[in-house]
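Colleague: Got a structure for you, questions after.
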Amino acid sequence: MSGVAAPPLVRVAGVSKSYRRGGQVVPVLADITLDIPGGAFLGLMGPSGSGKSTLLNLIAGIDKPDAGSIAVAGVDITRLPEAELADWRAANVGFIFQFYNLMPVLSALENVELPLTLARMDRRERRERAQATLELVGLGDRMEHFPSELSGGQQQRVAIARAIVTDPRILVADEPTGDLDRHSAEEILALMDRLNVDLGKTIVMVTHDRRAAERAHSIMHLEKGELFAHEELPR
Amino acid sequence: MPVPLAYSLRNLRARKLTTALTAGGMALVVFVFAAVLMLDAGLKSALVKTGQPDNILVTRRSAGTEIQSAVDRQQAAVIESQPEVALGPGGVPIVSKEVVVLIALPKRDSGVPTNVTIRGVGPGGLALRPQLAMAQGRMYRPGASEVVVGRTIAERFDGVGVGERLRFGGREWTIVGTFDAGGSAFDSEVWGDGEQLMQAFRRPVFSSVVAKLADPGSFEALKARLESDPRLTVEVKRERAFYEDQSAALSNFISILGVTLSVIFSIGATIGAMITMYAAVANRTAEIGTLRALGFRRAGILGAFLAEAVLLALVGWAAGLAAASLMQLVQISTLNWQTFAELAFRFTMTPKIVAESLLFALAMGVAGGFLPAVRAARLGIVDALRAA
């Protein structure tokens, strides 16, 4: 990070969130304040129910907090109406899920093209960009394969290509290695590391795997909806 | 921005059996719907083809059908001498004074006697019906006890081959030929010389007078004059309109019954489509959550599932319409309640039926897909993603 005055990319300020479950209000996040600088690779760790996924969902703009604000690159996403928030996600957020969440009826290439259909882009440009991105994740030879014809690691790489093809400001990953064997998990983490270091992508990753989290530059620990500890990791 | 259509289409292809069964249900409904309309169109086309645009047909006022009509010789002479009537070679008016009676003949397949129209035709009768051509044998000779039979009569009744004899009106009539009237109602008739048939049936009066107009535009003037002439008690219609009116009762019955049945069936098919689409939404909840996370709006999700239901209906429509088209090979013969005579016609496909059945199928698709699509669009992103 150069320049001390550069504002953080993500500024989470006083965010609380609770769910209603069977008439009972269950607090999930309590007054979270957190800054994520651009180019960071942040790991969110914590036991189940600690609120780490909820925090990730709030930063990604697929959930809304009960209180507080979340500003991404100066835009308070908690104030955006739903349709505008959808457009904001399409332009600014790349998602990586534990179970890849590819469209089973679409080929690898079509899955990667899918978010580009939301951008103003002609068909050829879309195709070329999706192809280049698949090559970047090492799947240049699997473009016409359907998800069911790919291994877990390959599917997750398609999902990562889908997440970065729109060149979003921020990548959110929820247990990206949770469904993979050790070897594939290492490959995925190495790829994410490259995205962060070579392409400067800001990544927020939820995991409860310590080895995965150690790929990050810093780790936030959550417990019972509160930030519990913050550790900076040596590069 | 809509979800790409390929996504909806591929999902239909992915669950082939469900798609086939659901579309099959819709296809059956489209088939019934189209077949009924084709039946109605065939009936109308047979009767409309029967009339020539420049012919008029005169019957007794309020008779409605030729069988209930009587026009005496004096009245016929007045009609014949009108200046609007076209003249043939030698200045003879092109007019046919006709007598129409019914006889019962046994049907070939069932042996059941059925009413058949016998038409006694005047000298101008053939000039007035250029659609008529001999298929076999020759035309009857005026003054002889000879008749010719229409194509569908020859196919459907016993004892009507060329050279065979029919007994009616106290005489034996030799069948000397078979004619093809181009699928019109005349194909279901037996024709002979008008004067001979009047004698045989002891009829002093004609049933109708058919005349060709020199100028089809003069119809209204002629109609007004003849219908207000105190010597006449007649009704003047264009021949085509007359035959159209003949089909009204049967046509209404077919279309009302058919459309009512189709609509009832369509409720079943629509519910089938709805169940299929609800299942699709339930199975793909995580996909819906993912699409929303990627930035597709609720409207896009609604559109994708609605498109899927509409595509499903289009598959059903295409299959149903294809099956219905095959019905064009089938000929139907039934009693026309207005003339009490047998009438044969074909299921007839028209562009209008193609369009109407398409709208009908689309309506089923939209009705079946709407509620499931709304459910898909209303899913919360986080809850939907958790369904993975």
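Respectively, the protein sequence lines represent chains A and B.
Under this note's numbering, think of the first position of the first sequence as 1, with each following residue one higher.
Under this note's numbering, think of the first position of the second sequence as 236, with each following residue one higher.
For glycine and all other residues, C-beta sits at the position ideal for the given N, C-alpha and C.
1) Rank B:A576, B:L547, B:F575, B:E577 by C-alpha distance to the C-alpha of B:V601 and give the top, closest one.
2) Going by DSSP, name the residue or residues bridged to B:I338.
3) With a 10 Å radius around its C-beta and 16 neighbouring C-beta atoms as the bar for buried, classify B:M369 as buried or exposed.
4) Tell me, please, whether the CB atom of B:N246 is closer than 8 Å to any CB atom in chain A?
5) For B:N487, is the classification buried or exposed, using 16 other Cβ atoms within 10 angstroms of its Cβ as the cut-off for buried?
6) Chain A partners of B:A508, CB-CB under 8 Å?
7) Using a Cβ cut-off of 8 Å (strictly closer), state whether A:T117 contacts chain B.
8) Would DSSP call B:A281 helix, strand or coil?
9) Among B:V494, B:A539, B:A528, which has the Cα closest to the Cα of B:A515?
10) Along the chain, which unbroken stretches of the alpha helix (DSSP H) at least 4 residues long are found entirely within the region 359 to 425 of chain B?
11) For A:V197, does the count of other Cβ atoms within 10 angstroms reach 16, so buried, or fall short, so exposed?
12) So, does the CB of B:I616 fall closer than 8 Å to a CB anywhere in chain A?
13) Between A:V137 and chain B, is there a C-beta pair that is closer than 8 Å?
14) Would B:E522 count as contacting chain A if we go by Cβ distances under 8 Å?
15) Going along the chain, which residues of its own chain have a beta-carbon closer than 8 Å to the beta-carbon of B:P607, five neighbours each way excluded?
16) List, from N- to C-terminal side, the beta strand (DSSP E) runs of 3 residues or more that fit wholly inside the region 469 to 514 of chain B.
17) Closest to B:T349 by C-alpha separation, out of B:A269, B:A612, B:R391, would be which residue?
18) Just how far apart, CA to CA, sit A:M1 and A:P7?
19) Taking CB distances under 8 Å as the criterion, tell me whether B:P239 reaches chain A.
20) In the DSSP assignment, find the unbroken beta strand (DSSP E) run with A:V172 in it and report its ends.
21) When the distance is taken between beta carbons, is A:Q156 closer than 8 Å to A:L180?
22) A:A73 and A:R169: beta carbons closer than 8 Å?
23) Closest by CA to B:L597, which one among B:W552, B:A622, B:L570?
24) Looking at the structure shown, is B:M261 part of a helix, part of a strand, or coil, going by DSSP?
25) Within its chain, find whatever has a CB closer than 8 Å to the CB of B:V306; leave out the 5 residues flanking it on each side and keep chain order.
26) Among B:V550, B:F531, B:G524, which has the Cα closest to the Cα of B:A619?
27) Short of 6 Å in beta carbon distance, which residues of its chain neighbour A:I219, apart from the five on each side in sequence? Order them along the chain.
28) Cβ closer than 8 Å: which chain A residues qualify as neighbours of B:A249?
29) Assuming B:S501 and B:V264 make a contact with CB atoms under 8 Å, what is their CB distance in whole Å?
30) Does DSSP put B:Y242 in a helix, a strand or coil?
31) Closer than 7 Å by C-beta to B:M562: which residues in its own chain qualify, once you throw out the five before and the five after it? Chain order, please.
32) Can you pull the chain A residues whose beta carbon is under 7 Å from the beta carbon of B:Y242, in chain order?
33) Tell me, please, which residues DSSP counts as bridged to B:N290.
34) Give the interface partners of B:R532 over in chain A, defined as CB-CB distance under 7 Å, in chain order.
35) Give the DSSP-derived three-state secondary structure of B:A576 in the structure shown.
36) Measure the beta-carbon distance from A:S50 to A:G225 and round it to whole angstroms, keeping in mind my assumption that it falls under 8 Å.
Modeller: Short version:
1) Within the second sequence, residue 601 of chain B is the residue found at index 366, counting from 1. Minimum Cα-Cα distance from B:V601 among the listed residues B:A576, B:L547, B:F575, B:E577 corresponds to B:L547.
2) Position 103 of the second sequence, counted from the start, is the residue given in the question as residue 338 of chain B. In the DSSP assignment, the residues bridged to B:I338 are B:V351.
3) Here residue 369 of chain B refers to the residue found at position 134 of the second sequence. Within a 10 Å sphere around the beta-carbon of B:M369 sit fewer than 16 other beta-carbons, which makes this residue exposed.
4) What you label residue 246 of chain B is simply residue 11 of the second sequence in a count that begins at 1. Taking a beta-carbon distance threshold of 8 Å, B:N246 counts as an interface residue toward chain A.
5) What you label residue 487 of chain B is simply residue 252 of the second sequence in a count that begins at 1. Classification of B:N487: exposed, given that the 10 Å Cβ count is below 16.
6) Counting from 1 along the second sequence, the entry for residue 508 of chain B is found at position 273. Under the 8 Å cutoff, chain A gives no residues; its nearest Cβ is about 19 Å from B:A508.
7) Translated into positions along the first sequence, residue 117 of chain A becomes position 117. Taking Cβ atoms only, chain B reaches closer than 8 Å to A:T117, which makes this a yes.
8) Residue numbering aside, residue 281 of chain B sits at position 46 when the second sequence is read from its first letter. Reduced to three states, the DSSP call for B:A281 is helix.
9) One-based indexing of the second sequence puts residue 515 of chain B at position 280. Selected option, being the one with the closest Cα: B:A539.
10) Uninterrupted alpha helix (DSSP H) stretches at least 4 residues long and entirely within the region 359 to 425 of chain B occur at 360 to 363, 386 to 391, given in chain order.
11) In the first sequence, residue 197 of chain A corresponds to position 197, counting from 1. Label assigned to A:V197: exposed.
12) Against the second sequence, residue 616 of chain B aligns to sequence position 381. With a threshold of 8 Å between beta carbons, B:I616 makes contact with chain A.
13) Working through the first sequence from its first residue, we reach residue 137 of chain A at position 137. So no, A:V137 is outside the interface.
14) The sequence position of residue 522 of chain B within the second sequence is 287, counting from 1. So, interface residue.
15) Position 372 of the second sequence holds residue 607 of chain B. Excluding residues up to 5 positions away in sequence, M509, M512, Y513, A515, V516, F540, A544 lie with their Cβ nearer than 8 Å to the Cβ of B:P607 in the same chain.
16) Segments of the beta strand (DSSP E) lying fully in the region 469 to 514 of chain B: 469 to 473.
17) Residue 349 of chain B sits at position 114 when you count from the first residue of the second sequence. Closest by alpha carbon: B:R391.
18) Taking the first residue of the first sequence as position 1, residue 1 of chain A is located at position 1. Taking the first residue of the first sequence as position 1, residue 7 of chain A is located at position 7. Note that A:M1 has pLDDT 45, beneath the 50 cutoff, so the model's placement of it is unreliable and the number below is only indicative. For A:M1 and A:P7, the distance between alpha carbons rounds to 11 Å.
19) For the purposes of this step, residue 239 of chain B is identified with residue 4 of the second sequence, where counting begins at 1. Yes, its Cβ sits closer than 8 Å to a Cβ of chain A.
20) Here the question's residue 172 of chain A lines up with position 172 in the first sequence. Going by DSSP, A:V172 is part of the beta strand (DSSP E) stretching over 170 to 174.
21) The count along the first sequence starts at 1 and reaches residue 180 of chain A at position 180. The count along the first sequence starts at 1 and reaches residue 156 of chain A at position 156. Going by C-beta atoms, A:L180 is nearer than 8 Å to A:Q156.
22) As a position in the first sequence, residue 73 of chain A is number 73, starting the count at 1. As a position in the first sequence, residue 169 of chain A is number 169, starting the count at 1. For the 8 Å CB-CB criterion, A:A73 and A:R169 form a contact.
23) Your numbering for residue 597 of chain B matches position 362 in the second sequence. Minimum Cα distance to B:L597 is reached at B:W552.
24) Residue numbering aside, residue 261 of chain B sits at position 26 when the second sequence is read from its first letter. In this structure, B:M261 counts as helix in the three-state DSSP scheme.
25) Here residue 306 of chain B is taken as the residue at index 71 of the second sequence, counted from 1. So the qualifying residues of the chain are V293, T294, R295, I314, K332, V440, F441, S442, S443, V444, V469.
26) Position 384 of the second sequence holds residue 619 of chain B. When each option's Cα is compared against that of B:A619, the closest is B:G524.
27) For the purposes of this step, residue 219 of chain A is taken as the residue at position 219 of the first sequence. The residues G43, M45, A213, E231, in chain order, have a CB closer than 6 Å to that of A:I219 in the same chain once the five nearest residues on each side in sequence are set aside.
28) As a first step, residue 249 of chain B must be located in the second sequence, where it is residue number 14. Under the 8 Å cutoff, chain A gives P104, V105.
29) Against the second sequence, residue 501 of chain B aligns to sequence position 266. Against the second sequence, residue 264 of chain B aligns to sequence position 29. At roughly 5 Å, the Cβ-Cβ gap stays under 8 Å, so B:S501 and B:V264 are in contact.
30) Position 7 of the second sequence, counted from the first residue, corresponds to residue 242 of chain B. The three-state reading of DSSP puts B:Y242 in helix, counting H, G and I together.
31) For the purposes of this step, residue 562 of chain B is taken as residue 327 along the second sequence, with counting starting at 1. Correct list, in chain order: A270, M273, F582.
32) In the second sequence, the residue the question calls residue 242 of chain B occupies position 7. Residues of chain A passing the Cβ test: M103, V105, L106.
33) As a first step, residue 290 of chain B is located in the second sequence; it is residue number 55 there, counting from the start. Bridge pairing for B:N290: B:K447 [DSSP].
34) The residue given as residue 532 of chain B occupies position 297 in the second sequence. Residues of chain A with a Cβ closer than 7 Å to the Cβ of B:R532 are, in chain order, A83, A86.
35) As a position in the second sequence, residue 576 of chain B is number 341, starting the count at 1. The three-state secondary structure of B:A576, taken from DSSP, is strand.
36) Translated into the one-based positions of the first sequence, residue 50 of chain A becomes position 50. Translated into the one-based positions of the first sequence, residue 225 of chain A becomes position 225. Contact between A:S50 and A:G225 holds: CB atoms are separated by about 7 Å, below the 8 Å threshold.
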